[in-house]
Amino acid sequence: MTKAELISVIAEEAGITKASASKALESYVNTVAKELNKTGKLGLVGFGTFSVVMREAREGRNPQTGDIIKIPAKKVVKFKPGKELSEKIK
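Each number in the numbering used here comes from the position in the sequence shown (counting from 1) with 2 added on.
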């Protein structure tokens, strides 16, 4: 599903315009990003938990040349689905 398709579904199910659905989705994404930057964790009961973890530096290989390269440490976002979401996709 693309972002445009998601906006269409949100607008239809909520009975709002696509412009309003787009603003709501952008607001959600921005709020999640701000909270993860501030506290490193965001939990939505029934949906799941987003968390920021530090990925260690490691060595990798350039697939074209086979040379070993250093991949630096960085922060990544992880998601753990909640019970309700897990049950809905079974």
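No residue lacks a Cβ here, since even glycine has one placed at the ideal position from N, Cα and C. Nothing here was measured: the structure is a model prediction, and the numbers come from that model.
Closest residue to N64 among I73, R57, M56 and E58 (Cα-Cα distance): Counting from one through the sequence shown, the residue named residue 64 turns up at place 62. Nearest option by C-alpha distance: I73.
Strand pairing of E61, partner residues [DSSP]: As a first step, residue 61 must be located in the sequence shown, where it is residue number 59. According to DSSP, which records beta bridges pairwise, E61 is partnered with K72.
Cβ neighbour criterion (16 or more within 10 Å) applied to F6: Here residue 6 refers to the residue found at position 4 of the sequence shown. Residue identity check: residue 6 is Ala in the sequence provided, not Phe. With fewer than 16 Cβ atoms within 10 Å of its Cβ, A6 is classed as exposed.
Rounded C-alpha distance that separates T33 from E58: On the sequence shown, residue 33 is found 31 positions in, with the first residue counted as 1. On the sequence shown, residue 58 is found 56 positions in, with the first residue counted as 1. The straight-line gap separating the alpha-carbon atoms of T33 and E58 is approximately 27 Å.
Proximity of K77 and V54 at Cβ, strictly below 8 Å: Within the sequence shown, the letter at position 75 stands for residue 77. Within the sequence shown, the letter at position 52 stands for residue 54. If you check the CB distance, K77 and V54 come in under 8 Å.
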